[in-house]
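**Q** So that we are looking at the same thing, I have put the structure below in structure tokens.
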Amino acid sequence: MRLSVTRNSSMIQLSTRVVCVPQPHFARFAIALPLYRVFEYALPEDHPVMAGTRYRLPFTNGTRTGVLLGASLTSEFDPARIKPVQERIDPQPVLDQHMLSLAQWMSEYYLQPLGEVVFQCLPGYLRGARQHSSTRVKCWLLATSDVAQIENLRQRSPRQFEICQAMLARQSGLTALELKNINPNWHSVVRALEDKKILRWEWMERITSPPTASELPEPSPEQAQILGEIEPRLDSFAAHLLDGITGSGKTEIYLRLIQLRLDAGMQVIYLVPEIGLTNQLIERVNQRFGNCFAISHSGLTEFQRYQAWDRFRRGEASIMLGTRSSLFSQCDNLGLIIIDEEHDHSYRQEDGIRYHARDVAIKRAQMLDIPIVLGSATPSLESIRNCTRDTYYRYRLDRRPTRFPPPPIELIDVRNSRFDFGCSARIFERVEQHLAASGQVLIYLNRRGYAPIVMCHECGWQALCRHCDARLTLHQSVHSLLCHHCGFSQSVPEACPECGHDEVKHYGIGTEQLEQGLQLRYPQTPIVRIDRDVIASREALKARLQQLQSGEPCILIGTQMIAKGHDYPAITLSVVLDADQALFSASYRASERLLQTLFQVSGRSGRGDREGEAVVQTRFPEHPLMRALLRQSYREIADDLLRERSDFGFPPCARVVMFRADAIELKDALEKLEQIRAQLATAKRFDTLTCVGPMPALMTRRIGRYRAQLCLLAQDYQALRSVLSQVMPAIEELPSTSRVSWSIDVDAYDL
Ligand code: ADP
Ligand code: ZN
Ligand code: ZN
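Residues in the sequence shown are numbered from 272 upward in steps of one, following the working numbering.
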């Protein structure tokens, strides 16, 4: 291998062996490879060292894109063996110094390869060698003020005249899209006018539209007090947690704070969970601020996301409204970061570079010395615990400015009940009551498909996935058994594949079956089902939700997708069908998650001018968590859970680092982790940590690979970091084989 390599840490260390060569510069580059090192290349003399600029680099037999991190006059390596760069891609840096520092921090904190982290901070569009392309729009304008010349066209060339007339009416010019509306064949007409020097074109910023909100709601006394407390703290770092029940006006506070920052000439990043970016919110921001905001989410193309990134970077958009990765938007004057629904799991990236956008955002705010506002009706235990720290402030919002409080959660005891497609008779009573009173009903069932279990009664055969340790779910609409983990599908067997018995049965209820059952039972009532099988895009979701907007009685069925973010005032009843499974889950997070779901789902009801109800059907009304729901608020139960975590020594009262490995054979995965464990054990203070494993992961086989894990739990965070910094270099250098892949997950979400 002719490439010379230096470890991450050499970025900040001074090299000890000084080789005195005046030129060229030895430059360090980040390359998107899963390797814990940076790469050195020679930079031509006439290249200014601009960190954050992309270069094309020779790499083994081909080329790679690298981001310049820094350069020096000396190298630890034999200068003769350092290859020159091939070509510079960007005239200006695409990542600023702050973003590079953030990437460096992420790489160190999350123990992820710097090269991959740096590329994670770029919009997907720029991760290859694509040139920066302009995101401005081409606008055509009149090039003449000679009205007579235009008037001349009226008779001779009506089509040209038509376009000129439109231009006269709009001095700011017309875009291609607008011209197309006037004349579908506008191209040739405009070209003719350009030839006559009547029209010219220019690159323009997107035409901005002003806000349309006529009247802003007067802040409620609670809101006014919170705004009054946050406003004087806007000029330095602090984390503000808005702990406010659903519909208590948190968004209204964000919007007011955004206004304050825009008034001060600053820009704002406003993050929402993947599913929280609803049209309702976009519309609300638009009314408030006009179109001076950029939107970025996974439903957009790479180029559209790049456009949003670029508009924000150039300051043309003052607000970046988007999901997780929008956090890596850059601008000159960031003045505030907002994380709505901060407890939401979608802020955590679980593949590729593992990070938690909320935590990175807090770090970013700290580095820039700006405030960050977190909001949730069901704050994460992490954030609740953080509020005991100095720079954290917690504010409570306990009232809805619009009429009714969220309904208390009511348990429906269904021990010894008969069920029809998962609903007990008492659920039907409620549903009918609310429909008769012209209310809308929401039924939450977090299981898509028709039935989750397919089996033979004779011999006990079960339909299992060939590639995962998981059951196959019956999907009747496509006559298939599907694996929800790997996508494997097979047709429904006519007879038992084991014993040949001619009846294969299914058990349990999914949304597909629920929809079918309700449709038969209530033929006159529109049933709107929302889950991943029927919603392929945001547009499809929007179309389905239109039914709810009408306010007419209907039943909304759905999975996670309907649990949060939506504000439909006509919903008066929320039903949770199957909460019981989570009560006995092996995950230590299960109760926190269940609690958040129950409070979020119940909070969808009673948001309009009628009081709402929320019911949970359970076979275990005596379970401590179920009993707590009846007596306590989210906050009180969360405090109890936090005490429990502290007693057991689980996060957030302890820190966790998980090593994971997967391979075609379990023994290979376990062996890799055994090697890692052996390295860890050589570190000083290792004995102060709890090390669990290596052992097979909870779902051992997934997508054809066996998975194992090694978990480090620490009460003492410093000890944990110390152990890792002692042995990570050795762990990174462990011989790698193509058979096993492994990864590190710092602050792993689950054990
Ligand atoms: P949250 O973000 O906590 O769910 P929102 O800010 O969306 O709450 O507010 C819920 C509803 O109450 C919205 O329809 C919003 O327009 C309305 N609202 C919020 N604050 C006020 C206020 N001060 N006066 C009147 N209506 C308000
Ligand atoms: Zn059988
Ligand atoms: Zn599978």
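Positions of the beta carbon are idealized from the N, C-alpha and C atoms, including for glycine.
Using a beta-carbon distance below 9 Å, is residue 316 in contact with chain D?
**A** In the structure shown, chain D cannot be found, because there is only a single protein chain.
**Q** If you measure from the CB of residue 767, is any heavy atom of ligand 2 nearer than 8 Å?
**A** The answer is yes for residue 767.
**Q** What residue from 872, 445, 303, 369 has the CA that sits closest to residue 395's CA?
**A** Of the candidates 872, 445, 303, 369, the one whose C-alpha sits nearest the C-alpha of residue 395 is 303.
**Q** Using a threshold of 8 Å, is the CB atom of residue 772 nearer than that to any non-hydrogen atom of ligand 2?
**A** It does: the Cβ of residue 772 is within 8 Å (strictly closer) of some heavy atom of ligand 2.
**Q** Is the separation between the beta-carbon of residue 351 and that of residue 299 shorter than 9 Å?
**A** Their beta carbons are not under 9 Å apart, which means residue 351 does not touch residue 299 by this criterion.
**Q** In whole angstroms, what separates the C-alpha of residue 791 from that of residue 798?
**A** Whole-angstrom Cα-Cα distance: 10 Å.
**Q** Write down the C-beta distance between residue 668 and residue 521 rounded to the nearest angstrom, noting that I regard them as a contact closer than 8 Å.
**A** Contact flag correct, Cβ pair sits at about 6 Å.
**Q** What did DSSP end up calling residue 363 once you bin it into helix, strand or coil?
**A** In this structure, residue 363 counts as coil in the three-state DSSP scheme.
**Q** Just the C-alpha distance for residue 789 and residue 864, rounded to the nearest angstrom, thanks.
**A** When rounded, the distance between both Cα atoms is 28 Å.
**Q** Alpha carbon to alpha carbon, how far is residue 292 from residue 372?
**A** Any answer about residue 292 is weak, because its pLDDT of 45 lies below 50 and its placement is not dependable; what the coordinates show is given next. Distance between the alpha carbons of residue 292 and residue 372 is about 28 Å.
**Q** On the DSSP letters alone, give me the boundaries of the alpha helix (DSSP H) that residue 1104 sits inside.
**A** Since the first residue shown for the chain is 272 and the last is 1022, residue 1104 is missing from the structure and cannot be characterised.
**Q** Under 6 Å Cβ to Cβ from residue 601, same chain only, skipping five residues before and after it: list those, please.
**A** Closer than 6 Å at the Cβ level, and outside the excluded window around residue 601, lie 367, 370, 584.
**Q** Taking the alpha helix (DSSP H) that residue 1000 belongs to, which residues open and close that run?
**A** 988-1004 is the extent of the alpha helix (DSSP H) around residue 1000.
**Q** Going by Cα to Cα distance, which pick from 757, 808, 731, 736 is closest to residue 770?
**A** Per the Cα distances, 731.
**Q** For residue 1016, list the residues DSSP reports as bridge partners.
**A** Per DSSP, 929.
**Q** Buried or exposed: which applies to residue 880, given that a residue is buried once 16 or more other Cβ atoms fall within 10 Å of its Cβ?
**A** Looking at its Cβ environment, which holds fewer than 16 other Cβ atoms inside 10 Å, residue 880 is exposed.
**Q** Report the partner residues of residue 564 according to the DSSP bridge assignment.
**A** Residue 564 is bridged to 590.
**Q** From residue 745 to residue 620, what distance separates their C-alpha atoms?
**A** Going from the Cα of residue 745 to the Cα of residue 620 covers about 29 Å.
**Q** Quick check: what's the CA-CA separation for residue 336 versus residue 364?
**A** Approximately 14 Å, taken between the alpha carbons.
**Q** Around the C-beta of residue 541, are 16 or more other C-beta atoms found within 10 angstroms, so that it is buried, or is it exposed?
**A** It is buried - the Cβ of residue 541 has at least 16 other Cβ atoms within 10 Å.
**Q** Would you call the CB atoms of residue 973 and residue 1016 closer than 9 Å?
**A** Cβ distance not < 9 Å, so residue 973 and residue 1016 don't count as in contact.
**Q** What three-state label does DSSP hand residue 389 in the structure shown?
**A** Of the three classes helix, strand and coil, the one that applies to residue 389 here is helix, per DSSP.
**Q** Which residues does DSSP list as the beta-bridge partners of residue 326?
**A** Residue 326 pairs with 337, 359.
**Q** Nearest CA to the CA of residue 570: which residue from 322, 878, 808?
**A** Closest option to residue 570, Cα to Cα, is 808.
**Q** Going by beta carbon distance, what residues of the same chain come within less than 7 Å of residue 862, once the five residues before and after it are set aside?
**A** These residues qualify, in order along the chain: 896, 912.
**Q** Compute the minimum distance between the beta carbon of residue 758 and the heavy atoms of ligand 3, and state whether it is under 8 Å.
**A** Yes; taking the cut-off as 8 Å, the Cβ of residue 758 has a heavy atom of ligand 3 nearer than that.
**Q** Sorted by chain position, which residues of the same chain lie with C-beta nearer than 7 Å to residue 987's C-beta, five sequence neighbours on each side aside?
**A** 959, listed in sequence order.
**Q** So, at 7 Å on beta carbons, what are the nonlocal neighbours of residue 606 in its own chain, with the 5 sequence-adjacent residues on each side left out?
**A** Excluding residues within five positions, the ones whose Cβ falls inside 7 Å are 532, 535, 537, 538, 539, 641.
**Q** With residue 457 as the anchor, note down where its alpha helix (DSSP H) starts and where it stops.
**A** Unbroken alpha helix (DSSP H) run through residue 457: 457-466.
**Q** Distance check for residue 636 and residue 1066, CA to CA, integer angstroms please.
**A** Nothing in the structure corresponds to residue 1066, since the chain is present only between 272 and 1022.
**Q** Examine ligand 3 and report whether any of its heavy atoms sits within less than 8 Å of the Cβ of residue 976.
**A** Answer for residue 976: no, Cβ out of range of ligand 3.
**Q** Could you tell me whether the Cβ atoms of residue 875 and residue 832 are closer together than 9 Å?
**A** No, the Cβ-Cβ distance between residue 875 and residue 832 is not below 9 Å.
**Q** Using 8 Å as the cut-off, classify the Cβ of residue 737 as near or not near the heavy atoms of ligand 3, replying yes or no.
**A** Residue 737: yes, Cβ under 8 Å from ligand 3.
**Q** Quick one: what's residue 446 bridged to in DSSP?
**A** The partner list for residue 446 (beta bridge, DSSP) reads 410.
**Q** Tell me which residues share the same chain as residue 776 and place their Cβ nearer than 7 Å to its Cβ, disregarding the 5 neighbours each side in the sequence.
**A** Cβ neighbours of residue 776 beyond the five flanking positions: 726, 728.
**Q** Is it the case that the segment 931-947 contacts the segment 1004-1020, given that we only count it when at least three CB pairs across the two stretches are under 8 Å?
**A** With the cut-off at 8 Å, the segment 1004-1020 and the segment 931-947 touch.
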